[in-house]
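These notes concern the structure reproduced below.
Residue numbers (the working numbering), protein chains in the order written: chain A, 1 to 314; chain B, 1 to 481; chain C, 1 to 227.
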């Protein structure tokens, strides 16, 4: 019992500690692939450290929502981390609190507050980014739903610890068309949700073209640090749901000992690293879509998920 | 043995017509080939009328009464339009463009080959390929004049019928599946009929619907007909005669072949499917005929109407209905080719396709006027001609079978179509000539073709030769179970 | 067609995966905006078709299906694009957006509807007979048939319409290899040959239209219509 609580907290620490690293590696790899000299992979840590030591400027016109949001954005991925398998194959202490659907809603709550705070300050770019994020979000919602429906059809459950076993026992089930199509749909979803190319350019500096980034423009100091950190944790969590539940449920700790769980940490980082390479290839080989083409991207994701459901269901 | 030669001759003629030798060489070869095919076909007709089934290669190349009837029609129209082509091409293609003429005859012979082989081959999977080939080999004939309209028509033609062919392919594959389940051995028409009672009805029904949609596009059943008036009006007149007169018929033949297969299964009301799809076509075509402005489109819509009539007749069922259907196939083919020859002659004389620009034809060119009048009257179903008799026999069969509603509707549609056709033909043939003809007279070859085409139209109105009558009876019996 | 077993094996799963990707590439024909992209989707689709034929050949231990796979592999992904490029010319590779009647999102949703519909069409057939292989190939083949027909109606350009027809044929064959593997070999051969002639004839026609009309947006050709 006490083990499970400790592991659960360890899981949270892993997510908190390594999520900036993931972001740093992506940035570094992307620059390298494009034959540029990238920043150090530890740059996000330095950024966050620097921001924590700066003064925070808060607009007088803003309400409590503006001040509250960074904490919300920071805390929601941590909550989700408690529910999903990051390091272990078996449910940990807090996992009873929610399933994958619940995790999705908790993440959405953070997004909801980020949207509100963007509108709150009166900065012209904030509401623009917020409305765009909502557009992407509300088009991504049906895809999320269909993916979860398919998963629950196949596994008879939406609890991640049950789902992860279904598609690899026996191993030939891995090639089930519904599985492959769900994976494809989910990758597209991660791209849309995390604001990666071709939906959004996370390293863009042009406010008019921003989708996700423009929401946090008004933050400074500690608020900005929390927002950044929360964002990278959200990405980490999404990727670990994708990898540990849908794609490669291998390398997770089976046993109850501390050693096994610690061993899972490098393995999961390795998997995420492999995924990052795929993501970097995708990001480097596509151009960012024009805004009104984004619905088409998400409809394509939707169709993929529907095809996954159809091929399973019949 | 005749059957194999019938297949070889057109291919040989096609290759020979590419030989650059003289101005009239290609057309001469084509006509000679068509005559040879026609004579061989007559031999086949006599053999089948004598009660013999023709088999050249078992399960692959063989033909019975219905097949030989179609073969006869293709051979006949192939011959007359080869002769008509000689006159038509001489006028249409500028002198000196011999390559264009040679290519025309090359494609013409291949097109005729594909149509000749459909009734001869008994292997169903190959029949699909050949039906598709009839499209592919005739598309470039439709676009022959290379105008924007002709290209548009050709494009619509290949896209829509190509789409239909894919549907039909799946239908035929499902049919094969069903036959396999039923334990049939040979995927031939006869083998299908034998295996039919054991084919699961669900498969049979789905296969039939796919094939009806697929080949229905090619036949021109409403609402899949939209390409037909375009392609059948933009092609050169001899090609129109082939397209309208026999190409539609050969594809319809494939659908009719399914009739005995489907009737084996009691759960499908095949007759109703045929009657409904046929009546829709007849009705739509009859009303569309009223407002036509192009005289070739006039005859094209009339083709849709006649295809519908044949479908209804086949759906009425019973020996009388089937006899009416095959009789109508015969009369429609010979009459429609005459109509298009007449239309082509009008085009040669006046160089316009508009009905409104043609007036008083009987005065400017008595031969063309008479041919158009006979063709128009005959295709509309006026009394002394063959179509009248066949339509009458269909109506009689329907009334005897008690299908009053169907026959009532059919009669109304036929009368409407008759009035529309006569209204337009009347305006073209009689009245005061509006303009001087571009060309003084018709080329002699065209006149020969017109005369050849008129003979059976008039003759069959009074008298059916013994062997032909027997052939019709055999053909009708192979539609029944 | 008797299946050896009704339980999924790696082979049937691989075939099912091929089917899923085949369906996806069919959607791709609708989703892609460029003419060349459309052709690429068709190539991928044809490769998947021959892959499926290969799996089935192994599954049924049928030499005949192996030959079908070989023909499909030779003709569809290589020869047809080559011939199209030869006959159509630079119009094929020009980077230009395809004009269409409905926007892509709507088209994709309709295509998804067509897929569901084709499963309903296939259901009564599957309940009669057919095992684990047919249950994958038949409905997916039918949906490719429907989606191809839909491409014809919704896309106004000549080359995508050609791809639409070829997609329909691919769909019919994808269903066909699972239900009619005993078809006479010559029929398969001529049918593959037939696809070639379609590509050539349509290619020639496209070139002529381009020379004569100046565009390959055939949807804009409206000289002929019902009176």
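Glycine residues also receive a C-beta, built at the ideal position from the N, C-alpha and C atoms. This one's a predicted model, so the numbers in the text were calculated from it and none came from an experiment.
I'd like to know if residue i contacts chain C, where contact means its C-beta is closer than 8 angstroms to some C-beta of that chain.
i: residue 299 (chain A); result: yes
i: residue 129 (chain B); result: yes
i: residue 94 (chain B); result: no
i: residue 126 (chain B); result: yes
i: residue 237 (chain B); result: no
i: residue 424 (chain B); result: no
i: residue 188 (chain B); result: no
i: residue 176 (chain B); result: yes
On the criterion of 16 or more Cβ atoms from any shown chain inside 10 Å, does residue i qualify as buried, or is it exposed?
i: residue 415 (chain B); result: exposed
i: residue 323 (chain A); result: The structure shown does not extend to residue 323 (chain A), since chain A is modelled only from 1 to 314, so the question has no answer here.
i: residue 328 (chain B); result: buried
i: residue 64 (chain B); result: buried
i: residue 28 (chain A); result: buried
i: residue 2 (chain C); result: With a pLDDT of 41 at residue 2 (chain C), under the threshold of 50, the modelled position of that residue is not reliable, and no figure is offered here.
i: residue 439 (chain B); result: exposed
i: residue 55 (chain A); result: exposed
i: residue 5 (chain C); result: Only weak support is given to the placement of residue 5 (chain C): the predicted model assigns it a pLDDT of 46, under 50, and the question is left unresolved by the model.
i: residue 486 (chain B); result: Residue 486 (chain B) is absent from the structure shown; chain B starts at 1 and stops at 481.
i: residue 274 (chain B); result: buried
i: residue 436 (chain B); result: exposed
i: residue 2 (chain B); result: buried
Can you list the residues of chain B that residue i reaches, using a CB-CB cut of under 7 angstroms?
i: residue 139 (chain C); result: What residue 139 (chain C) touches in chain B: nothing, since even the nearest Cβ is about 12 angstroms away.
Tell me the residue span of the beta strand (DSSP E) that contains residue i.
i: residue 57 (chain B); result: 54-57
i: residue 61 (chain B); result: 61-63
Residues of chain B with a CB under 9 angstroms from the CB of residue i: which are they?
i: residue 169 (chain C); result: 162, 165, 166 and 169
i: residue 160 (chain C); result: Result: empty, since nearest Cβ-Cβ is about 11 angstroms, beyond 9 angstroms.
Between which two residues does the alpha helix (DSSP H) harbouring residue i extend?
i: residue 25 (chain C); result: 10-31
i: residue 272 (chain B); result: 270-290
i: residue 58 (chain C); result: 35-59
i: residue 208 (chain C); result: 185-213
i: residue 69 (chain A); result: 64-83
i: residue 337 (chain B); result: 318-350
i: residue 89 (chain A); result: Taken as a continuous stretch (DSSP letters only), residue 89 (chain A) belongs to no alpha helix (DSSP H), as it is neither H nor E.
i: residue 120 (chain A); result: 100-120
Is the CB of residue i under 8 angstroms away from at least one CB in chain A?
i: residue 164 (chain C); result: no
i: residue 42 (chain C); result: no
i: residue 2 (chain C); result: Interpretation of residue 2 (chain C) is limited by its pLDDT of 41, a score under 50 that renders its predicted location unreliable; no figure is taken from the coordinates.
i: residue 17 (chain C); result: yes
i: residue 144 (chain C); result: no
i: residue 198 (chain C); result: no
i: residue 47 (chain C); result: no
i: residue 154 (chain C); result: no
For chain B, check one thing: does any of its Cβ atoms lie closer than 8 angstroms to the Cβ of residue i?
i: residue 129 (chain C); result: yes
i: residue 148 (chain C); result: yes
Identify the contact partners of residue i in chain A, using a Cβ-Cβ distance below 8 angstroms as the criterion.
i: residue 82 (chain C); result: What residue 82 (chain C) touches in chain A: nothing, since even the nearest Cβ is about 26 angstroms away.
i: residue 24 (chain C); result: 181, 184, 304 and 307
i: residue 20 (chain C); result: 177, 178, 180, 181, 307, 308 and 311
In chain D, which residues lie less than 8 angstroms from residue i when you measure between Cβ atoms?
i: residue 200 (chain B); result: Within the model displayed, chain D is absent; protein chains A, B and C are what it includes.
Going along chain B, which residues have a C-beta under 8 angstroms from residue i?
i: residue 201 (chain C); result: 136, 139, 140 and 158
i: residue 31 (chain C); result: The premise fails here: residue 31 (chain C) is roughly 20 angstroms from chain B at the closest Cβ pair, so nothing lies under 8 angstroms.
i: residue 92 (chain C); result: Neighbours of residue 92 (chain C) on chain B: none; closest Cβ ~16 angstroms, over 8 angstroms.
Since residue i meets chain C, which of its residues come closer than 9 angstroms, beta carbon to beta carbon?
i: residue 123 (chain B); result: 184, 186 and 187
i: residue 132 (chain B); result: 191, 194, 197 and 198
For residue i, which residues in chain C fall below 7 angstroms Cβ to Cβ?
i: residue 53 (chain B); result: By Cβ distance, chain C contributes nothing, its closest Cβ being about 21 angstroms from residue 53 (chain B), past 7 angstroms.
i: residue 145 (chain B); result: Those within 7 angstroms of residue 145 (chain B) in chain C number zero; the least Cβ separation is about 11 angstroms.
Which residues, taken in chain order from the stretch 105-117 of chain C, show a beta carbon closer than 8 angstroms to some beta carbon of chain A? Within the stretch 105-117 of chain C, the qualifying residues are 105, 108, 109, 111, 112, 115 and 116.
Note down, in chain order, all residues in the stretch 126-149 of chain A with a beta-carbon under 7 angstroms from any beta-carbon belonging to chain C. none
Pull out every residue of the stretch 159-190 of chain A whose Cβ sits closer than 9 angstroms to any Cβ of chain C, in chain order. 170, 171, 172, 173, 174, 175, 176, 177, 178, 179, 180, 181 and 184
Listed from N- to C-terminal order along the chain, which residues in the stretch 280-311 of chain A have their beta-carbon within a distance smaller than 7 angstroms of any beta-carbon of chain C? 295, 296, 299, 300, 303, 304, 306, 307, 310 and 311
Taking a Cβ distance cut-off of 7 angstroms, strictly less, list which residues of the stretch 39-50 of chain B are near chain C, in chain order. none
What residues in the stretch 50-76 of chain C bring their beta carbon closer than 7 angstroms to a beta carbon of chain B? none
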